[in-house]
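Protein chains in written order, with our numbering: chain A, 1 to 157; chain B, 158 to 445; chain C, 446 to 1233.
Where is the CB? At the ideal position from N, CA and C, for every residue including glycine.
Some notes on the structure that comes next.
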Amino acid sequence: MVTVRMTVNGVAHEGRCEPRKLLVDFIREDLGLTGTHIGCEHGICGACTIMFNGEAARSCIMLAVQADGAELGTVEGLMRDGKLHPLQEAFRDHHGLQCGFCTPGMLMTALDLLRTNPTPSEREIREGISAVLCRCTGYQGIVNAVRAAAPILASER
Amino acid sequence: MKPPKFEYHAPKTLDEAVAALGRYGGDAKVLAGGQSLMPLLNFRLARPAALIDLNRIASLAYIREQDGQVRLGAMTRQRTIEFSPVVAQRLPLLKEATRWVGHLPIRTRGTIGGSIAHADPSAEYPAVLAALEGEVVARGAKGDRVIHAGDLFQTYLTTNLAPDEILTEVRLPVMPAGAGYALEEFARRHGDFAIVGIAAVVVRDGQRCKLARLATAGAGPVPVRLRAAEKILETEGLGDAAIEAAARKATELVEPDADIHASADYRRHLTGVLTKRALVRAIGVARG
Amino acid sequence: MGVNLPRLVGARVARREDPRLLTGQGSYVDDHRPARMLYAAFLRSPHAHARIARIDTSAALALPGVAAVLLGEDIARAAKPVRAESKTPSVKTTSFPPLALGKVRHVGEAVAMVAAESRYLAEDAAERIAVDYEPLPIVRNTDEALDPASPVLHEEAETNLLVAREFARGDVDGALAGAALVVRERFRFHRHTPVCMENRGCLADYATGTQTLTLRSSAQCPGLVRDVLTDLLGMPEHQVRVVANDVGGGFGAKASLYPEEIATCVMARRLGRPVKWIGDRREDLLSTTHAWDEVIDAELGVSRDGTIVGLRAQVTADIGAYSIYPWTAAIEPVQTISFLPGPYRMPTYRGRARGVATNKAPLGPYRGVGRPPAVFVIEGLMDRAARRLGIDPTEIRLRNFIRDEDFPYKSPSGIVWDKSSFTGSLLRAREALDYKAAREEQARARAAGRWIGIGVASYVELTGIGSAIPVSPGMPVSTGTEAATIRFDPAGKVTAVFGVASHGQGLETTLAQIVADEVGVPIEDVRVLQGDTEVSPYGTGTYASRSLVLAGGAAILAGRAVREKMLLIAGHLLEADPADITVVDGRCAVRGMPDRSVAVREVARAAYSGSRRLPKGLEPGLEATKFYDPYYGTASNATHLAVVEIDRATCEVKTLRYVVVEDCGRMVNPLIVDGQVHGGVAQGIGAALLEEIVYDDHGQLLSGTLMDYVVPSACELPTMEVHHLETPSPVTLGGFRGMGEGGTIGAPAAIANAVADALAPLGIEVAELPMSPERLFRLIGTRAGEKA
């Protein structure tokens, strides 16, 4: 067993787990943050994507122990003062989700995309969100949402 | 799909890592970015007695220019490479290839050392190492050694690294100024491993070809340098006929495998198609 | 009683589901962790076909943290055999043991179940279970399965031909013999799987104190699951609760009762502790029902002007190792032959279906069920006829569509199509694409050496079916009705409860829109509950493009009943005739006298205050429960137009434009209709170009990861241009037609036809899907070889 300490959405946490415990399981079970989802456990579907020290990473192929000392961001931390983040608003406005299962991973991935490329073309949006698989939306609502949110987020920087 | 039990070490120094690896007599695995190893662990296809996690060894991540080479610490993240000004200037082929490596979240964690040591036949970095005639440094119990690209890859997922050796540095010769380059890849889906990929470098002097390098991904168990195709260009120049001939020759130089995505014939065909496309693009970018 | 002008029905209302799903506050099965919960893992067969000689669980049980291991015999003692029955005599009934009994019949079949303190431990334990298998010869495909020398998978059936069915009309043999032209083809629609982003999973909790079983499941049909579970477990129905709150995609994959659900209930009952099983992606690809695996030999006879004289088809479906419960293995092949005639006047027809068992995972419903292959076939035949006759493919369809004057039209399988817009949708699609310009552009591109193709696919689907058309005849559960309970609380808010179970299609929102309009309150005052048999009125769930039609119809009936009573009470309070009162936005007002009004809130309070404030003799309360049975059902149709380009060198197909004109009757929420089309088309394009379940000669699943079963990402899909016609259904309340499956029904055919159109100058037809680059490479290479 190992002790792991990490900050998640600005809050410090501590836990104990086996070294083999996946980070996504630690987040979901030990921290009770079930917004991050498990879709494949082999790093392809992107549903488990979180922010790891400010950059999007797949938590199903990381060990919890690797997050010791790190700052994590999960979907639960996106709201601002009880209001939806502009990206979340855009997803709602543009029907960027249906069953909602890929959505947390999609949001974190889109945020990382927009931080590295604040004015993406449609092609660049599609390339960026191709990191996360969605079976419900055909991606159209998601592309529209990211396109709408981009200038709002860019103007905030 | 949860990993089996293993002992876990997260050494702070390279020497500790080598020592830890040595203690397990080949039954431990090095954990770098984890983007390849963790899925294997989750599927329980890999069952090492121990994991030696290199992620706490800060000294293994760097990008520096030295002696006409760009030297990258093995734990340098692919994401760092993607946005590195040094790489953009000195190794533009590596920067381009990085865009094809999975997706940005994979590149957040994936490393150059891990990708090369894992030696997936469809991966982009091994092909770039081969095309640029790079080398790697490995450290084992007996010390450091330098391994040239041509000697490193043995077969699928197998390098000539000894079980107690850790790949510590990747060295790539600075690309000649004005060199043309391209990585052309065909995959089922954006971000997937290449069904076939071709890394190309061209140094031109008008229509003459001073230097041509072509290396494959996905067209066999290891990256293949298409030397006979390179020679055609270096002898016959960069005109359409020479490009066609080089592309045709490329198809003769590979012995691809078949899987559910592509037959050997189709991979061979793609080798020719992508060689041509890579050359056309590389020549187009080349100055001279 | 006062006409209510719809204000919300038809509007693009933002979804009520979104706030919780966007903020990670969803309630999926795996989000629940009741106290003392154990985690389950299944040991699955590595063999495609083998006898089980011996199982030794001792090493597994010896691991600390392992609570129990169950085997097939344990399930057999605790539950009735799972046997999907059909009324059709030629559909054989066979057993589907939740844990293998004596024999395994496909790789991935569940053999043992472990419950332990963590999933990690459960997997450790499962690995320690020692099973002695005696391999049996493998039945690898339907040809082998039908060979009398091959082993029979289910001894009691004495054959691997488990399904046989035929629909016929008229003398099709004579018609084809005398036809001016007969086009024929052997079509192959390879095996696919739905890949919901949330894997299947369930959480069973047996409360010994109340003797109640609660099953939380990632399921589309909680009502149906409760019905069949209670029968199988021998429990009283009112002591079993099935809950499906948030479900991460269904698409038909989660419409059946699965072995794991039964086994988890048995385990939970045995241990008196909650037991949770969450499938992983490997298990999903191995054991979630597969789809559409058919070979179809078809012939279309036409006269010189392209008018259809007859269609003859033989469908052979590889239904895998087991007949799924409760739909039976017939569900896929029988739907194919039911819908092969498409939206066309079909004077003669014979469709024969066979369902053949092999050593692969069972086949089950997947978006469209039978119709994606059927439309691939009929639309492919229409194009072949058009090419041979030199008729434009859209023209030949217009000549054959069932016309306005033909409705209602009885199809050869007995389905009656009500007034639909087949012609209208194709004309509008041509206009939306600017078909003429697209053909001109194609000609220019062809001259420049590019392979551009335009493909059309028109289809009609049966939706919103009522009790007259059972999904599977002989099923123990009726699928023909849904119900709605609409209840005011004394503070004037409305709770509307349904037996459907949304898993992405936004029913929480669309049903709220309908209720709000019917009852006359703002949508914010309506809360929709669903997917929980504890609170729902009787219903089955969400599948078969029926929820909006049936639950929406029930909502209208219940809403009317509630409004009627509301008006009686309001009339009493306002001393006015109820017929003179309108309800709008939460106020009841006398028509023409806006200051003579009372808030709905007040009416509700009065309803619960008792006789003092009510009209004489009126029972207190303000709620109603109504059931709706559309009886037959209705039709939904669309035309898809795809423009593709084939990369001549790599043989990759890129979709350049994709136009859909669909008619789902009266739309409740266009945002959601668009989303359903997008998602359906995406799965259809994936099916046509990328996705394929592949087994090797040893029955091993080669497409066992998401790298090998390739579902499209955002880069592999076009922007879809979706247009709507609204021909209200003449036979359903509200005029709604179901439409959730349509995108997947039309897209494979549209893509196939576009690819064939691109290759027409080479004389290459598309008869197989997916048309992967590899397949196209071989097709073109063969043809190039022939030409040389």
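If I measure Cβ to Cβ from residue i and keep anything under 6 Å in the same chain, skipping five residues before and after, which residues do I get?
| i | result |
| --- | --- |
| Ala339(B) | Ala357, Ala435, Arg438 and Ala439 |
| Glu530(C) | Thr538 and Gly919 |
| Val692(C) | Ser663 and His948 |
| Met62(A) | Leu23 |
| Ala602(C) | Lys537 and Thr539 |
| Thr659(C) | Asp650 and Arg686 |
| Leu97(A) | Phe91 and Thr103 |
| Thr7(A) | Glu71 |
Taking 8 Å as the CB-CB cut-off, is residue i touching chain C?
| i | result |
| --- | --- |
| Pro120(A) | no |
| Gly73(A) | no |
| Val175(B) | no |
| Phe101(A) | yes |
| Tyr282(B) | no |
| Arg126(A) | yes |
| Ala199(A) | Only positions 1 to 157 of chain A appear in this structure, which leaves residue 199(A) out of reach. |
| Arg345(B) | yes |
If you measure from the beta carbon of residue i to each beta carbon in chain A, is any gap under 8 Å?
| i | result |
| --- | --- |
| Thr265(B) | yes |
| Met642(C) | yes |
| Met1184(C) | no |
| Met232(B) | no |
| Lys162(B) | yes |
| Met446(C) | Any reading at Met446(C) needs caution, since the residue's pLDDT is 38, under 50, leaving its predicted position unreliable; the model's value is listed next. Output row for Met446(C): interface = no. |
| His1123(C) | yes |
| Gly469(C) | yes |
| His275(B) | no |
Identify, in the order they occur along the chain, each residue of the same chain with its Cβ nearer than 8 Å to the Cβ of residue i, setting aside the five sequence neighbours on each side.
| i | result |
| --- | --- |
| Ala1233(C) | A caution first: Ala1233(C) carries a pLDDT of 33, below 50, which makes its placement in the model unreliable, though a value can still be read off. Within the same chain, Ala1233(C) has no close Cβ partners at all. |
| His1168(C) | Arg873, Ala874, Ala877, Val1104, Val1105, Val1106 and Glu1107 |
| Phe26(A) | Val4, Gly15, Cys17, Ala64 and Ala67 |
| Ser216(B) | Thr170, Leu171 and Gly230 |
| Gly77(A) | Val8, Asn9 and Gly10 |
Counting only Cβ pairs nearer than 8 Å, list the residues of chain B close to residue i.
| i | result |
| --- | --- |
| Arg92(A) | Simply none; closest approach about 23 Å. |
Who are the neighbours of residue i on chain C, taking C-beta pairs under 9 Å?
| i | result |
| --- | --- |
| Gln66(A) | By Cβ distance, chain C contributes nothing, its closest Cβ being about 17 Å from Gln66(A), past 9 Å. |
Taking only beta-carbon positions, decide if residue i is within less than 8 Å of chain B.
| i | result |
| --- | --- |
| Glu76(A) | no |
| His42(A) | yes |
| Leu113(A) | yes |
| Lys1232(C) | Confidence at Lys1232(C) is low in this model, with a pLDDT of 38, below 50, so its placement is unreliable and no value can be given for it. |
| Pro1157(C) | yes |
| Arg20(A) | yes |
Could you tell me which chain B residues have their CB closer than 9 Å to the CB of residue i, listed as they occur along the chain?
| i | result |
| --- | --- |
| His85(A) | Under the 9 Å cutoff, chain B gives no residues; its nearest Cβ is about 19 Å from His85(A). |
So residue i contacts chain B; which residues on that side make the cut at Cβ distance below 7 Å?
| i | result |
| --- | --- |
| Tyr854(C) | Those within 7 Å of Tyr854(C) in chain B number zero; the least Cβ separation is about 42 Å. |
| Glu55(A) | Arg236 and Thr265 |
Candidates the options: which alpha carbon is nearest residue i's?
| i | options | result |
| --- | --- | --- |
| Glu824(C) | Glu611(C), Leu843(C) and Leu515(C) | Leu843(C) |
| Thr49(A) | Met6(A), Val143(A), Gly141(A) and Met108(A) | Met108(A) |
| Ala513(C) | Ser472(C), Met558(C), Thr1084(C) and Glu554(C) | Met558(C) |
| Leu194(B) | Arg266(B), Gly179(B), Ile355(B) and Thr373(B) | Arg266(B) |
| Ala1203(C) | Leu678(C), His599(C), Glu886(C) and Leu598(C) | Glu886(C) |
| Val442(B) | Ile214(B), Ala415(B), Arg361(B) and Leu188(B) | Arg361(B) |
Counting only Cβ pairs nearer than 7 Å, list the residues of chain A close to residue i.
| i | result |
| --- | --- |
| Gly348(B) | Ser130 and Ala131 |
Excluding the 5 residues preceding and the 5 following residue i in the sequence, name in chain order all residues of the same chain whose CB lies nearer than 7 Å to its CB.
| i | result |
| --- | --- |
| Glu1231(C) | Below a pLDDT of 50, predicted positions are generally treated as unreliable, and Glu1231(C), at 47, falls in that range; the measurement from the model is reported next regardless. Cβ within range, chain order: n/a, list empty. |
| Ala206(B) | Phe163, Glu164, Tyr181, Asp184 and Ala185 |
For residue i, go through chain C and note every residue whose CB falls closer than 7 Å to its CB, in chain order.
| i | result |
| --- | --- |
| Ala148(A) | What Ala148(A) touches in chain C: nothing, since even the nearest Cβ is about 14 Å away. |
The ligand SAM and residue i: does any heavy atom of the ligand fall closer than 7 Å to the residue's C-beta?
| i | result |
| --- | --- |
| Ile1001(C) | Among the ligands in the structure shown, none appear at all, so the ligand SAM cannot be discussed. |
In chain order, which alpha helix (DSSP H) runs of at least 4 residues are fully inside the segment 185–221 of chain B? 194–199
Entirely enclosed beta strand (DSSP E) segments - the segment 914–941 of chain C, minimum 3 residues: 927–933
If we require 3 or more residues per run, which beta strand (DSSP E) segments fall completely within the segment 640–700 of chain C? 646–652, 657–662 and 685–688
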